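Here's the structure, in structure tokens; my notes come after.
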Amino acid sequence: MPRRKRRDVENTFISSNDSMSTTIVERLSAVEEPERYTFDYKNCSVFHCKKCNTVLGDSLGVCGEDKFLDSIICLKVTEDVIVKDKVEFNSEGHLAYCSYNALHCSGCRRFVGVVLNSTPAHLSALRKLFLLQKKQINCYMFKNGTMVKASMVSFEHKPMGKRFIELRRELEAQLKQIECLKEMVGGQTSKQQRQEQNLT
224 MPRRKRRDVE
234 NTFISSNDSM
244 STTIVERLSA
254 VEEPERYTFD
264 YKNCSVFHCK
274 KCNTVLGDSL
284 GVCGEDKFLD
294 SIICLKVTED
304 VIVKDKVEFN
314 SEGHLAYCSY
324 NALHCSGCRR
334 FVGVVLNSTP
344 AHLSALRKLF
354 LLQKKQINCY
364 MFKNGTMVKA
374 SMVSFEHKPM
384 GKRFIELRRE
394 LEAQLKQIEC
404 LKEMVGGQTS
414 KQQRQEQNLT
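Written as structure tokens, this is what we have:
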């Protein structure tokens, strides 16, 4: 029986790769996506530095507020928020016995909040989150196109627990996609190796 020519095998590889690409798209599309949460963008707001108006974040990154610290709790902020390298420690006040990195506005270098590192038990849920002080922030409200003090706005509408559940579901969906890719790439590599061995 005549051996298959290398050109025929190469064409088989090309066809196989095209088929693999199609399969990958189909498999990834079949992965169940996490439940989608819609945002009411009309009720969103943008956080500005009270002194120089630099944008520090927005309400889409908010997971609540802490009235004790008078701060907005954020999962993310803009690149214009500078996280200081120096770790500071307080022995009195609302941040007593806490270590933290200060947050400053890149526009005017004004202190705008903290990231807590170590805390007493009652503040443990706030570690590693961005805490923007409401008294240092103005909010631009999309709903009516006005700028108001952050102290006049409530951010309790989005509980932290719900946001963490959203993030976990998103990560689980991404892990499923990675597993699908590893499985298909591994199988295709083995198939090509066997075909190459048949040529020798």
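Following the working numbering, the numbering of the sequence shown begins with 224 at its first residue and continues without gaps.
Just so it is clear, CB atoms sit at the ideal spot from N, CA and C, and this is done for glycine as well.
None of these values were measured; they are calculated from a predicted model.
Between which residues of its own chain and residue i is the CB-CB distance below 6 Å, once the five residues before and five after are set aside?
i, result
"glutamate 255", "Any reading at glutamate 255 is ruled out, since the residue's pLDDT is 49, under 50, leaving its predicted position unreliable."
"serine 329", "Asp303 and Ile305"
"tyrosine 320", "Pro343"
"valine 408", "none"
Could you give the distance in angstroms between the alpha-carbon of residue i and the alpha-carbon of residue j?
i, j, result
"cysteine 362", "lysine 299", "16 Å"
"glycine 336", "leucine 398", "34 Å"
"valine 278", "methionine 370", "13 Å"
"serine 314", "aspartate 281", "31 Å"
"glutamine 356", "glutamine 400", "39 Å"
"valine 376", "aspartate 303", "22 Å"
"glutamate 402", "leucine 339", "35 Å"
"phenylalanine 378", "glycine 368", "18 Å"
"histidine 345", "glycine 316", "14 Å"
"alanine 373", "asparagine 324", "22 Å"
"tyrosine 264", "glutamate 406", "39 Å"
"asparagine 276", "glycine 287", "22 Å"
"arginine 333", "leucine 318", "19 Å"
"cysteine 297", "arginine 391", "17 Å"
Starting from residue i, follow the beta strand (DSSP E) in both directions and report where the run begins and ends.
i, result
"threonine 342", "From DSSP, threonine 342 is part of no beta strand (DSSP E); its letter is neither H nor E."
"aspartate 281", "278 to 281"
"serine 322", "321 to 328"
"valine 310", "304 to 313"
"aspartate 289", "285 to 289"
"glutamine 356", "353 to 356"
"histidine 271", "268 to 272"
"tyrosine 294", "For the record, residue 294 in the displayed sequence is serine; it is not tyrosine. Per DSSP, serine 294 belongs to the beta strand (DSSP E) from 294 to 297."
Would you say residue i and residue j are within 8 Å of each other, going by their C-beta atoms?
i, j, result
"leucine 292", "leucine 352", "no"
"valine 285", "isoleucine 295", "yes"
"lysine 366", "asparagine 266", "yes"
"cysteine 331", "lysine 290", "no"
Leaving aside the five residues before and after residue i along the sequence, list all residues of the same chain whose C-beta is less than 7 Å from its C-beta, in chain order.
i, result
"threonine 301", "Val278, Leu279 and Gly280"
"phenylalanine 312", "Ser322"
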